[in-house]
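Protein chains in written order, with UniProt numbering: chain Z, 1 to 468; chain X, 1 to 468.
Worksheet for the structure shown next.
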């Protein structure tokens, strides 16, 4: 993965002198107007007029970094062996990872009830100083009746991973009821059976939630060959600073990149340059945690992204590819806020939002679960995200007259071909080629190889990916 | 209803000179601390330290008052006859009433999509100036496909009541999808069948919502003998000012008042006096809109409240009894915010919140729908309600040693008798008496008469009221 490695070859923490004295950002209010986000007229308060220098501040002013420092590590590990033990699921561990690096700043551990309730009802947390930060998905740890009994009156527990290694300590714990139905209804706007995260992490989880302050014994690693792409918010901030970025625009994805995506990202950089930024950097940020069975797995997506950079579709000089460790909820307008908020903590001040972000088909009815426009509308109005510039996705399609992906021109619809996820999947499965210019050949080959690698099920069907 | 009439005998609008120069309120932060609301440590921002004079300001600074003034009434009525017509259900009309008098200030009509989405996701609206007001239940008007077709490109519609009288004009309309499942899930935290408001007003409602600016042709009246008790927020503010109130504490109820409630209200006044207020006024504010079939009907509740005042359980001099025109959602922590917010608009700066406010049994499972403590917790953290002092309900029970209702003393639990709603109901149905001192005899007789008036169903069962 030469290109990607090059893109962040020198990000070892503290390996570089930070260059200070970045150009002040242009006033962000004018940016919002230029991009005409849906909220342009609603923000008010004037805070957008403040001219900032350096990267956008993390929520709460400081990145939560919860990995125990070396001098204390051995003592904490010893202590963990003496405490009541809670076993972490794969998704629990992903949340430990997310919390440990400060993606959810200012959260410093699994939510206590007051944070859980604010998340469910308001998608935001009020801090002690009165400031409001966005927080739309519950980051909670479930325990069952037996765990609760075993924990007893202890004020601390140790969290153990699937291999029974001590991973973290949770202190000043609070145990409270896990209102599953209400959590699901308020997070997803439905309680229909078949929501992937719910089936994986909620339905069979315990009836209690345990919140507290988290100390993680060692940086979380997965040993899957991809750990070097898992840059923390602090790593990313160092990288953006090293590159002298004066704007960072984040693109969340969980699907293969086609040339329509690439066009959008390239065009966004062009527009940021036009606005007066000197060095806008793209954070191409595939989601690395839990995804549903029919999504393309992370390792294949990373191969595909590598090819996209190698083939020169995106410029490695102005692109950082890294993995976002969060699990996926598929909770549409609620989840897109989390995706955006976490990227603020990584230093992004622009966030690209597409049609139906974090959406999926309704698990029971024949329709999409969410209105395709609600995601960007909700994002543009969300409390705690006022500092972030929301960039609505322009629709790209295959322009038959140019033989390449281009922004859709409604004055000549007959010239455009919309290649749906289903179409793309069918082509890749059948080892057919998409129209020239839809995706770089190297990237397409990865997709074909992925479907080739799947052992067909008895009925000849293979899992379906939805690369929209 | 002599006592109640006396309580607001002279509230005809503009009949009195307002007395200005009310004592400034004591700093509200100290009040919060004194009462130890759950949020005492979380508010921050210092706004609670501001010393205010006069009644609390309405949300958005000004009461929305949407009834057309006399000189324009005839012209608007004529215009309404020329517009596409939308028929109002009983609950729709109750919302027209609520909106027309400014209970939902600063809303000036049925919600457009941006307000609807903010309500569902954030329980709050951001205003043009950046200020945030609470808004937790959607105030929306549904129309069906045929209505939508009939409205066509018109920018206005006329709203007609059940008797085909023109009631209001909705202007600058916006028609958008009615995502029923999502609305229900996010408002109630469940989609279980059997939610009373859902069955009455959503399940069979149209698939579109229509928002816009409301002009109501005449004040809404129900001609049920109770209109004189339906004071608008403006009327109530006049009454509180006339009485020289320096604190107004609101008590929402939809059930008969027993002596435990009365004790709580009397005790609240005593504590407010201790804090330095000179004339705290109680707003005893029964909900008058849609309620579920097994609640005691409004007319019987008003008779019961009258007896409570007549019997001297509450002091008419310091109590205003009035009807709150909103329909009931039974949406627990979400709805209690609406109940509180609407009372700010009526001038209340203290709000008493009990166990499980606006709660009910789960319609399908054998449990309460909401955690009994979530209501007061959510209320204490709700965006836009920072100005309101939340007074958590103290638990009252029948003290056998004193032969009266008293605050529960956990050091001698054996002395207390908890008289459940079911117990109270059974006694009233069987024309038995509760323990002396549970409810004033006149009030109890009203309840017995109510159950007596019900024609027993074939199986001998009568509808069950839940007076908790």
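Here a beta-carbon is modelled for each residue, glycine too, at the ideal position from N, C-alpha and C.
Expressed to the nearest angstrom, what Euclidean distance is found between the alpha-carbon atoms of residue 441 of chain Z and residue 263 of chain Z?
-> Inter-residue distance for residue 441 of chain Z and residue 263 of chain Z is about 16 Å (C-alpha atoms, whole angstroms).
Measuring CB to CB, does residue 249 of chain Z end up less than 8 Å from residue 350 of chain Z?
-> Against a cut-off of 8 Å, the Cβ pair of residue 350 of chain Z and residue 249 of chain Z comes out as a contact.
Work out the CA separation of residue 86 of chain X and residue 254 of chain Z for me, nearest whole Å.
-> Approximately 45 Å, taken between the alpha carbons.
Separation of residue 330 of chain X from residue 202 of chain X, as counted between CA atoms | Rounded to whole angstroms, residue 202 of chain X to residue 330 of chain X spans 14 Å at the Cα level.
Less than 8 Å separating the beta-carbons of residue 220 of chain X and residue 100 of chain X?
-> It is a contact, given that the beta carbons lie within the stated cut-off.
For residue 171 of chain Z, which residues from the same chain have a beta carbon less than 6 Å from its beta carbon, with the 5 sequence-adjacent residues on both sides left out?
-> Within the same chain, residue 171 of chain Z has close Cβ partners 156, 212, 213.
Where do the ends of the beta strand (DSSP E) carrying residue 124 of chain Z lie?
-> Where residue 124 of chain Z is concerned, the enclosing beta strand (DSSP E) stretches over 124–126.
Of the residues Z/426, Z/369, Z/256, the one placed nearest residue 300 of chain Z, counting alpha carbons only | Per the Cα distances, Z/256.
CB contact below 8 Å: residue 30 of chain X versus chain Z = The predicted position of residue 30 of chain X is uncertain, since its pLDDT is 27 and thus under 50; no value can be drawn from it.
If residue 322 of chain X and residue 283 of chain X are in contact, beta carbons under 8 Å, what's the gap, nearest whole angstrom?
-> Contact between residue 322 of chain X and residue 283 of chain X holds: their C-beta atoms lie close to 7 Å from each other, under 8 Å.
Between the beta-carbon of residue 123 of chain X and the beta-carbon of residue 383 of chain X, is there less than 8 Å?
-> In this structure, the beta-carbon distance from residue 123 of chain X to residue 383 of chain X falls below 8 Å.
Would a C-beta distance cut-off of 8 Å place residue 90 of chain X and residue 290 of chain X closer than the cut-off?
-> Judged by beta-carbon spacing, residue 290 of chain X lies within the 8 Å limit of residue 90 of chain X, meaning their Cβ atoms are closer than that value.
So, helix, strand or coil for residue 330 of chain X, using DSSP?
-> Three-state DSSP puts residue 330 of chain X in coil, outside helix and strand.
If we ignore side chains and look at the alpha-carbon of each, how far apart do residue 439 of chain X and residue 62 of chain X end up?
-> If you take the alpha carbons of residue 439 of chain X and residue 62 of chain X, they lie about 40 Å apart.
Give a yes or no on whether the C-beta atoms belonging to residue 96 of chain Z and residue 159 of chain Z are separated by under 8 Å.
-> Annotated as proximal: residue 96 of chain Z and residue 159 of chain Z, with beta-carbon spacing under 8 Å.
Do three or more CB pairs link the region 225–242 of chain X to the region 100–114 of chain X at distances below 8 Å?
-> Counting Cβ pairs under 8 Å, three or more are found: they touch.
Of all the beta strand (DSSP E) runs that stay within the bounds of the region 281–334 of chain X, which reach a length of 3 or more residues?
-> List check, beta strand (DSSP E) in window: 319–321.
What is the DSSP secondary structure of residue 75 of chain X, reduced to helix, strand or coil?
-> In this structure, residue 75 of chain X counts as helix in the three-state DSSP scheme.
Residue burial classification, residue 140 of chain X (beta-carbon count within 10 angstroms, cutoff 16) | Within 10 angstroms of the beta-carbon of residue 140 of chain X lie 16 or more other beta-carbons, which makes it buried.
Give the interface partners of residue 190 of chain Z over in chain X, defined as CB-CB distance under 8 Å, in chain order.
-> Per Cβ cutoff of 8 Å: 181, 182, 185, 191.
Is the distance from the Cβ of residue 337 of chain X to the Cβ of residue 105 of chain X below 8 Å?
-> No; because the gap between Cβ atoms is not below 8 Å, this pair is not in contact.
Looking only at its own chain, which residues have a Cβ that is under 7 Å from the Cβ of residue 452 of chain Z, when we skip the five neighbours before and after it?
-> Nothing meets the Cβ criterion.
Got a sec: is the Cβ-Cβ distance from residue 334 of chain X to anything in chain Z below 8 Å?
-> Taking Cβ atoms only, chain Z reaches closer than 8 Å to residue 334 of chain X, which makes this a yes.
Which residues in chain X sit within 8 Å of residue 124 of chain Z, going by Cβ to Cβ distance?
-> The contacting residues are 122, 383.
Through-space distance from residue 242 of chain Z to residue 343 of chain Z, alpha-carbon basis = If you take the alpha carbons of residue 343 of chain Z and residue 242 of chain Z, they lie about 18 Å apart.
For residue 387 of chain X and residue 120 of chain Z, the rounded distance between their alpha carbons | For residue 120 of chain Z and residue 387 of chain X, the distance between alpha carbons rounds to 22 Å.
With 8 Å as the limit, tell me which residues of the region 371–397 of chain X have their beta carbon closer than that to any beta carbon of chain Z; keep them in chain order.
-> Answer in chain order: 371, 374, 377, 378, 381, 382, 383.
Helix, strand or coil for residue 442 of chain X per DSSP?
-> Of the three classes helix, strand and coil, the one that applies to residue 442 of chain X here is helix, per DSSP.
Measure from the C-beta of residue 341 of chain X to each C-beta in chain Z and report whether the shortest distance is under 8 Å.
-> No - not a single Cβ of chain Z is within 8 Å of the one on residue 341 of chain X.
How about residue 332 of chain X and residue 375 of chain X: do their beta carbons lie closer than 8 Å?
-> Cβ distance < 8 Å, so residue 332 of chain X and residue 375 of chain X count as in contact.
Cβ pair residue 186 of chain X, residue 194 of chain Z closer than 8 Å = Against a cut-off of 8 Å, the Cβ pair of residue 194 of chain Z and residue 186 of chain X comes out as no contact.
Identify every run of the beta strand (DSSP E) within the region 187–268 of chain Z, keeping only runs that are complete inside it and at least 3 residues long; order them along the chain.
-> Runs of the beta strand (DSSP E) lying entirely within the region 187–268 of chain Z, each at least 3 residues long, are 208–216, 247–253 in chain order.
Can you tell me whether residue 247 of chain Z is buried or exposed, with buried defined as 16 or more other CB within 10 angstroms of its CB?
-> Counting Cβ neighbours within 10 Å, residue 247 of chain Z comes out buried, since at least 16 surround it.
Would you call residue 74 of chain X buried or exposed, if buried means 16 or more other Cβ atoms sit within 10 Å of its Cβ?
-> Flag for residue 74 of chain X reads exposed.
What is the DSSP secondary structure of residue 142 of chain X, reduced to helix, strand or coil?
-> In the structure shown, the three-state DSSP call for residue 142 of chain X is strand.
Residue 396 of chain Z classed as buried or exposed, judged by whether at least 16 other C-beta atoms fall within 10 angstroms = So residue 396 of chain Z ends up on the buried side.
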